[in-house]
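*Asks:*
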Amino acid sequence: MSFPNAQQSKLSPNRQAFPLVNEFILKSKLLRVGVKKQNEVTVIDCGVQVQGSWEAGVLFAAVCLGGLAQVKIHWLDFSGFRWPTVEVVTAHPVQACLASQYAGWPIKNGDLTAMGSGPGRAIIHQGSLYDRNGYEDYSKTAVICLESEELPTVAAVQYLVEELGCEPKDLYILAAPTASLAGSVQIAARALETGLSKLAVLGYDLERIDSGWGTCPLPPVAGSNLNALGRSNDGILYGSTVLYNLKDNDETLDSLVNQIPFCFSREYERPFIEIFEEYGDFYNIDPLVFSPAEVWLCNLNSGRSFHAGVLRPDLLRNSFGI
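Numbering of the sequence shown is given in my numbering, commencing with residue 61 and proceeding in unit increments.
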């Protein structure tokens with residue numbers, strides 16, 4: 061897979077995200093986040109040792125998307141189930157979602173175990189979705205987002221500095237647990253990325269995708285990170301809707317659309333927590349499992365739209381404890 065090259069020189073996810081990172085620093089009390097320096101590296105705690113907030117989660121998600129997408133929270137009706145939703149809209153879906161947001165960097169260093177994502181990945185090509193001859197972000201500033209129960213230790217921070225090849229003062233690390241206000245938002249903001257990842261696994265030419273729009277229910281914070289992992293992924297599998305504007309032929313899209321939603325998976329109707337426990341590790345799960353609930357493919361060449369999938373408010377209610 062390769063990333064569209066036309067705007068690489070103009071769009072650096074790390075540089076685009078930096079004003080958002082600075083907003084965390086300037087509004088730390090308002091957002092209920094913690095900011096500290098660790099060997100000159102800036103570490104922003106969005107929910108590990110602080111309460112955090114939904115607003116921090118929106119900003120966290122926007123940073124994770126490399127500043128290349130708009131993220132909002134509002135109410136939405138999920139087939140009769142009215143609930144808060146996270147909405148992501150972008151004119152740069154591949155750069156924002158796959159080159160930046162995709163959690164393709166499993167980090168294990170000492171006591172730190174985290175899923176790494178964010179624009180810093182585009183500097184070092186961390187994640188199997190990268191084409192080594194494709195997209196790369198040349199930026200001296202690096203921003204990494206960690207889904208983790210712990211803040212990075214001194215050793216872990218040094219490890220990240222070395223991996224990213226940047227000066228300590230130019231590295232910014234955001235961290236939030238799965239079971240937190242910010243964590244719930246940033247995972248729900250991954251519906252659009254989930255659909256793109258599925259398309260990549262299916263071998264689709266991502267350069268044909270022009271723009272994207274995704275919504276996903278915002279799960280209530282669970283009592284543990286394991287249960288939060290289940291709820292947040294159930295939200296995507298059974299409650300998310302994604303729409304992609306593409307340029308292709310109608311026959312291809314008509315055939316493709318039915319391969320994307322989760323309802324066509326052999327794991328359909330199972331809670332994600334069961335799937336996770338069966339595989340034993342998040343990164344061992346069959347990539348085809350990760351799918352949106354509902355998909356729209358809109359062909360900019362012909363004006364036709366193709367739809368597949370269904371929302372399952374009954375399964376959402378059960379997962380969310382409602």
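Ideal Cβ positions, reconstructed from N, Cα and C, are used throughout, including at glycine. Keep in mind it's a predicted model, so treat the numbers as computed, not measured.
Comparing alpha-carbon positions, which option in N287, P347, V302, P277 lies nearest F141?
*Replies:* Out of N287, P347, V302, P277, P277 has the C-alpha closest to the C-alpha of F141.
*Asks:* Does DSSP put D374 in a helix, in a strand, or in coil?
*Replies:* In this structure, D374 counts as helix in the three-state DSSP scheme.
*Asks:* Would the beta-carbon of S256 fall within 7 Å of that of G274?
*Replies:* At residue 256 the sequence reads Leu, which differs from the Ser that was named. No, the Cβ-Cβ distance between L256 and G274 is not below 7 Å.
*Asks:* If you draw a straight line from the alpha carbon of Y304 to that of G369, how long is it in whole angstroms?
*Replies:* One C-alpha to the other measures close to 14 Å.
*Asks:* With a 10 Å radius around its C-beta and 16 neighbouring C-beta atoms as the bar for buried, classify A129 as buried or exposed.
*Replies:* Buried: at least 16 other Cβ atoms inside 10 Å.
*Asks:* Would you mind sorting S362 into buried or exposed? The rule is 16 or more other CB atoms within 10 Å of its CB.
*Replies:* When all chains shown are included, S362 counts as exposed.
*Asks:* Please work out which residues of its chain come closer than 7 Å, Cβ to Cβ, to Y339, disregarding the five sequence neighbours upstream and downstream, and give them in chain order.
*Replies:* I345, listed in sequence order.
*Asks:* Looking at the strands, I want to know which residues DSSP matches up with N305.
*Replies:* Paired residue(s): S271, C358.
*Asks:* Given A288, which residues of its chain have a CB within under 6 Å of its CB, disregarding the five upstream and five downstream residues?
*Replies:* Answer for A288: T238, A239, A282, listed in chain order.
*Asks:* With respect to the beta strand (DSSP E) encompassing P166, which residues constitute its N-terminal and C-terminal limits?
*Replies:* Its beta strand (DSSP E) spans residues 165-169.
*Asks:* Report the three-state DSSP secondary structure of N193 (helix, strand or coil).
*Replies:* Summary for N193: the model assigns pLDDT 37, below 50, so the residue's position carries little reliability, and this model does not support an answer.
*Asks:* Kindly indicate the opening and closing residues of the alpha helix (DSSP H) around Q218.
*Replies:* Counting along the chain, the alpha helix (DSSP H) containing Q218 begins and ends at 214-224.
*Asks:* Once the 5 residues before and after E334 are set aside, which same chain residues still bring their CB inside 7 Å of it?
*Replies:* Excluding residues within five positions, none has a Cβ falling inside 7 Å.
*Asks:* So, are the CB atoms of I183 and L224 less than 7 Å apart?
*Replies:* Against a cut-off of 7 Å, the Cβ pair of L224 and I183 comes out as a contact.
*Asks:* According to DSSP, is V261 helix, strand or coil?
*Replies:* Helix, per DSSP.
*Asks:* Closer than 8 Å is the cut-off here; do at least three beta carbon pairs connect the segment 82-94 with the segment 195-204?
*Replies:* Contact fails: fewer than three Cβ-Cβ distances are below 8 Å.
*Asks:* L136: which of E147, H367, F332 sits nearest, CA to CA?
*Replies:* It is E147.
*Asks:* Rounded to a whole number of angstroms, what is the C-alpha to C-alpha distance between G107 and P321?
*Replies:* C-alpha separation (whole angstroms): 31 Å.
*Asks:* When burial is assigned at 16 or more other CB atoms within 10 Å of the CB, is Y162 buried or exposed?
*Replies:* Looking at its Cβ environment, which holds 16 or more other Cβ atoms inside 10 Å, Y162 is buried.
*Asks:* Please name the residue, chosen from G94, S292, P73, L266, that lies closest to C124 on a Cα-to-Cα basis.
*Replies:* Measuring from the Cα of C124, the nearest candidate turns out to be P73.
*Asks:* Nearest by alpha-carbon distance to T173: which of D374, V110, A235 is it?
*Replies:* Ranking D374, V110, A235 by Cα distance to T173 puts A235 first.
*Asks:* What does the Cβ neighbour count give for V93, buried or exposed, with the cut at 16 atoms within 10 Å?
*Replies:* Looking at its Cβ environment, which holds 16 or more other Cβ atoms inside 10 Å, V93 is buried.
*Asks:* Please return the same chain residues whose Cβ sits closer than 8 Å to the Cβ of E354, not counting the five positions on each side in sequence.
*Replies:* Contacts found: S300, T301, V302, P321, H367, A368, G369, V370, L371.
*Asks:* Pick from L206, Q155, P373: whose alpha carbon is nearest that of I167?
*Replies:* Residue L206 is the option with its Cα nearest to I167.
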